[in-house]
């Protein structure tokens, strides 16, 4: 049995090994890039307004509720009045007006996480996984348009008074 060096000159063997190493490095780099890009998307996000998902923070969760959100009472809202927002079919439903500093319960009946993010400023920005989470209404009265940063077509308005 003859050795490989006796049938091929050392320069040819060295060139073969270098070319093989370069091809392997390119293949590994391409595979790594594809894996990284696959992790950047948000499954279910659609349309040109969809954005990549930021890291999801822990929110208390429970089984999705089939109850409808409470309707505002005819009298003035108090801090203890129930304030609920339902997220269903990528739409916000429920409470539009709350008291300053009210605790707002959000029930997400979709399978994907959503955010409730004030359009301007830092009044609120909360990630709501499937289930239930809460956030606190701003203390300053006003009208606060909000959106889901994961799904660009999901919008709502919260009025604090």
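Residue numbers (the working numbering): 55 to 215.
Every residue gets a Cβ at the ideal spot worked out from N, C-alpha and C, and that includes glycine.
Treat the numbers as computed from the prediction; the structure is a model and nothing was measured.
Is it the case that the CB of residue 161 approaches a heavy atom of the ligand MG more closely than 7 Å?
Here there are no bound small molecules, and the ligand MG is not part of this structure.
In this structure, how does DSSP classify residue 210 when only helix, strand and coil are distinguished?
Here the question's residue 210 lines up with position 156 in the chain shown. The answer is strand: DSSP assigns residue 210 an E or B state.
With distances taken between CB atoms, is the gap from residue 141 to residue 189 smaller than 8 Å?
Residue numbering aside, residue 141 sits at position 87 when the chain shown is read from its first letter. Residue numbering aside, residue 189 sits at position 135 when the chain shown is read from its first letter. No; because the gap between Cβ atoms is not below 8 Å, this pair is not in contact.
Looking at the secondary structure, which residues open and close the beta strand (DSSP E) in which residue 168 lies?
Here residue 168 refers to the residue found at position 114 when the chain shown is read from its first residue. That run of the beta strand (DSSP E) goes 168-172.
Alpha carbon to alpha carbon, how far is residue 154 from residue 194? Give it in angstroms, no decimals.
Residue mapping note: residue 194 aligns to position 140 of the chain shown, counting from 1. Residue mapping note: residue 154 aligns to position 100 of the chain shown, counting from 1. Roughly 6 Å separates the two Cα atoms.
Could you tell me the distance, in whole angstroms, from the CA atom of residue 180 to the CA atom of residue 165?
Locating residue 180 in the chain shown gives position 126, where the first residue counts as 1. Locating residue 165 in the chain shown gives position 111, where the first residue counts as 1. Their Cα atoms are separated by approximately 17 Å.
Would you kindly check if the distance between the Cβ of residue 212 and the Cβ of residue 152 is under 8 Å?
Translated into the one-based positions of the chain shown, residue 152 becomes position 98. Translated into the one-based positions of the chain shown, residue 212 becomes position 158. Cβ distance < 8 Å, so residue 152 and residue 212 count as in contact.
In whole angstroms, what separates the C-alpha of residue 192 from that of residue 169?
As a working mapping, residue 192 is identified with position 138 in the chain shown. As a working mapping, residue 169 is identified with position 115 in the chain shown. One C-alpha to the other measures close to 16 Å.
Going by beta carbon distance, what residues of the same chain come within less than 7 Å of residue 215, once the five residues before and after it are set aside?
Taking the first residue of the chain shown as position 1, residue 215 is located at position 161. These residues qualify, in order along the chain: 151 and 195.
Check whether chain C comes within 8 Å of residue 201, counting only Cβ atoms and requiring the distance to be less than that.
Among the chains in the structure shown there is no chain C, since it carries only a single protein chain.
Just list the residues that DSSP pairs residue 157 with in beta bridges.
Translated into positions along the chain shown, residue 157 becomes position 103. Answer is 190, bridged to residue 157.
Just how far apart, CA to CA, sit residue 64 and residue 72?
Counting from 1 along the chain shown, the entry for residue 64 is found at position 10. Counting from 1 along the chain shown, the entry for residue 72 is found at position 18. Roughly 12 Å between the two C-alpha positions.
Buried/exposed call for residue 199, threshold 16 Cβ in 10 Å
For the purposes of this step, residue 199 is taken as the residue at position 145 of the chain shown. The residue in question, residue 199, is exposed, as its Cβ has fewer than 16 Cβ neighbours within 10 Å.
Taking the beta strand (DSSP E) that residue 149 falls in, what are its first and last residues?
Within the chain shown, numbered from 1, the residue matching residue 149 stands at position 95. Residue 149 -> no beta strand (DSSP E), and no H or E assigned at all.
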